[in-house]
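Residue numbers (the numbering used here), protein chains in the order written: chain Y, 765 to 1154; chain P, 3 to 327.
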């Protein structure tokens, strides 16, 4: 406490004199992946997804850094499909030990396990799977993108609050849909909701033209349910389920009411300012991966500001410690779980036009942080890598 | 009904007629609500520019300055007629401002631009623009007029401006998301509230060093919801009232020991506040519930809730015509 007070006073002095500059080099590193085709041509994945968020985070950090003699440099590297991601990571680590990764989980894990990455601080800003946060967690790897389970828990809390207990699920067959459906089942069990039936979506027709014929028949056999859940993370078929199902029930999950890390409709808690800063810079709306990359950059900035150091190990200890908090425009301070490195964050439940609710919802209590009602809590974690270090 | 009768008994004898007004900006209605302090009722609703937030009167109360954020203007209103006289060049997205003791210079936080703009209200020209941190919001000026403060919400700093040169001379870190700043105790202390940090930092003005931190704790309310925003001190500066945002409470703080003595339940997401003339009544703006809570300062109790427009944000007192300020 005393030490912290001293460092704050010292920072105050630097602000005037701008001496003892701290260099903070960060690399945003992406492994490009192929996006399989989806039925609709409406959605475009922006080329700079994620990168624009990191760049805005750098700009935000630089504004503070200007007053404190901190110099933030962001290098952005995108490795083409089939390129040598590990070589790019090695080069980035040679420049400095702070990386924001936008890559599939196997690639993230490979970087975290590299000899050069020991003592580095990596942020996973794109892989939502449970594995990196449980059995395959790594002490040098933090996660600013919420896990899929955090998002599905958010939805489950909402269903509990509305007493929409009886659910049916239509699940796509792509790997990310299977993961999402798995997380949904876990969340429904965790919050005592009932999955009455589940059907796999078989994408062998172009239902853009005949959804009106196919979807009623496909959903006719489902038992009574309050809400129809859909697992379609690539945005392939679920948009055609809306208004065409046999019974008039709201959709939730990947379509309809969606639990997300970030969306253009988030505007409360000062979020409108972040949205407009982002739009002005990138010329488009901010997406979840942009937010995750921004949060990684800002976590670095906040930790550098409060510790006066750019050493990844010092930053890691501070970020995982009790004094770290980051304003993330979601109504509650963001922090990191000391048992698996996941960032605590409220999860907005959104439609195309509005935020319907933000989880954790009122009444879901927790002795430490209500945000820990979302995702894997300390007593149930399978992650062991963090134990000895924090 | 019975409550109203008791209220009438409590309130009416204590005050003469013409006790002045509380002016409130309604962020999502583009209006001002004017509350008569004697009757505790809204007596006028006046249209403004888009998204009015900060408001302040000139020293003789003949002019009202309004931050019309989405109109990118500071509007100057004749409070008698409610007429907009002219706009001041404010820079983009003005959110809050403070009027210098010279009654002439306005220091304006431009939220979207990371700039503090200094405007001469007489010549209607920009004197200076000062680069500050991201999302500047809280504004304060020392009683002797020598120091102006801007707090920046994302940079988490108080920026100290020398008003002679309009240049920054210090930048001090505070907790996350600072919202409001005030000089207190004859300008010897600067208080800065931090919404996400959940604290008020108290600075010694002479050294710009932090000397205390006020923390809050309300039984049954999660710490994340306790978000200090606006605050005001009683006339003897012994007691501070602090709006705690979505915890829906106002804290009562001993301004000498920095201990919290009490919490008063008010409306939802309480933002800012203003006292009446003798500081016996405190009016808080409650953004989410769209109303104003009237607090009896001596009893530390909520007296009444007054419905105003959508998202009431700022509040300012105006004495009745002829009354001393």
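Cβ atoms here follow ideal geometry from the backbone N, Cα and C, with glycine treated the same way.
For this session: Drop a sphere of 10 angstroms on the beta-carbon of residue 306 of chain P, count the other beta-carbons inside from all chains shown, and report buried for 16 or more, exposed for fewer.
Result: buried
Exercise. Where residue 898 of chain Y and residue 1095 of chain Y are concerned, what is the direct C-alpha to C-alpha distance, given to the nearest angstrom?
Worked result: 27 Å
Exercise. Would you say residue 159 of chain P reaches chain Y, if we count a Cβ-Cβ gap shorter than 8 Å as a contact?
Worked result: yes
Problem set entry | Same chain, Cβ closer than 7 Å to residue 170 of chain P, neighbours up to 5 away in sequence not counted | 132, 161, 162, 163
Problem set entry | Sequence-distant residues of the same chain with beta carbon closer than 8 Å to residue 878 of chain Y, five excluded per side | 850, 853, 854, 857
Problem set entry | Start-to-end residues for the beta strand (DSSP E) that takes in residue 971 of chain Y | Not the beta strand (DSSP E): residue 971 of chain Y falls in the alpha helix (DSSP H), residues 971-984.
Problem set entry | Sequence-distant residues of the same chain with beta carbon closer than 7 Å to residue 964 of chain Y, five excluded per side | 935, 937
For this session: With DSSP as the reference, please indicate the residues paired to residue 67 of chain P in a beta bridge.
Result: P:58, P:78
Problem set entry | N- and C-terminal bounds of the beta strand (DSSP E) containing residue 962 of chain Y | 958-964
Exercise. Going by beta carbon distance, what residues of the same chain come within less than 8 Å of residue 148 of chain P, once the five residues before and after it are set aside?
Worked result: 164, 165, 166
For this session: Provide the residue span of the beta strand (DSSP E) that contains residue 1095 of chain Y, from first to last.
Result: Run containing residue 1095 of chain Y: none; DSSP gives neither H nor E here.
Exercise. Does residue 1106 of chain Y come within less than 8 Å of chain P when only Cβ atoms are used?
Worked result: no
Problem set entry | Candidates Y:1081, Y:793, Y:951, Y:868, of which the one nearest residue 838 of chain Y by Cα | Y:793
For this session: Would you check if there are 3 or more beta carbon pairs closer than 8 Å linking the stretch 47-61 of chain P to the stretch 279-297 of chain P?
Result: no
Exercise. Alpha carbon to alpha carbon, how far is residue 781 of chain Y from residue 823 of chain Y?
Worked result: Below a pLDDT of 50, predicted positions are generally treated as unreliable, and residue 781 of chain Y, at 41, falls in that range; the measurement from the model is reported next regardless. The alpha-carbon atoms of residue 781 of chain Y and residue 823 of chain Y are separated by roughly 22 Å.
Exercise. Could you give the distance in angstroms between the alpha-carbon of residue 953 of chain Y and the alpha-carbon of residue 976 of chain Y?
Worked result: 33 Å
Exercise. Between the stretch 298-318 of chain P and chain Y, which residues of the former have a C-beta closer than 7 Å to a C-beta of the latter?
Worked result: none
Problem set entry | Contacting positions in the stretch 225-246 of chain P - beta carbon closer than 7 Å to chain Y | 226
Exercise. For the candidate residues Y:1115, Y:1005, Y:1092, Y:932, whose alpha-carbon lies nearest to that of residue 1108 of chain Y?
Worked result: Y:1092
Problem set entry | chain Y contacts made by the stretch 192-205 of chain P, where a contact means CB separation under 7 Å | 198, 199
Exercise. Is any beta-carbon of chain Y found at less than 8 Å from that of residue 179 of chain P?
Worked result: yes
Problem set entry | Within-8 Å CB hit, residue 156 of chain P to chain Y | yes
Exercise. If you drop the 5 nearest sequence neighbours on each side, which residues of the same chain put their C-beta closer than 7 Å to that of residue 318 of chain P?
Worked result: 25, 57, 58, 59, 276
For this session: Below 7 Å CB to CB, which residues in the same chain sit around residue 1008 of chain Y once its five sequence neighbours on both sides are set aside?
Result: 975, 976, 979, 980
Problem set entry | Those runs of the beta strand (DSSP E) which lie wholly inside the stretch 140-193 of chain P and span at least 3 residues | 149-154, 159-164, 169-175, 180-186
For this session: Let me know the alpha helix (DSSP H) ranges lying completely inside the stretch 814-845 of chain Y, each 4 residues or longer, listed in chain order.
Result: 815-832
Exercise. Buried or exposed: residue 939 of chain Y, going by 16 or more other Cβ atoms within 10 Å of its Cβ?
Worked result: exposed
For this session: For residue 1037 of chain Y, decide whether its Cβ has a neighbour in chain P, counting only Cβ atoms nearer than 8 Å.
Result: yes
For this session: Please go through the same chain and pick out, in chain order, the residues whose beta-carbon is closer than 6 Å to the beta-carbon of residue 89 of chain P, but skip the five residues on each side of it.
Result: 75, 77
For this session: Pull out every residue of the stretch 805-828 of chain Y whose Cβ sits closer than 7 Å to any Cβ of chain P, in chain order.
Result: 824, 827, 828
For this session: Mind listing, in chain order, the continuous alpha helix (DSSP H) runs of no fewer than 4 residues lying wholly within the stretch 862-904 of chain Y?
Result: 869-876
For this session: Please say whether residue 817 of chain Y and residue 1056 of chain Y have beta carbons closer to each other than 8 Å?
Result: yes
Problem set entry | residue 249 of chain P, buried or exposed, once every other Cβ within 10 Å from all chains shown has been counted against 16 | buried
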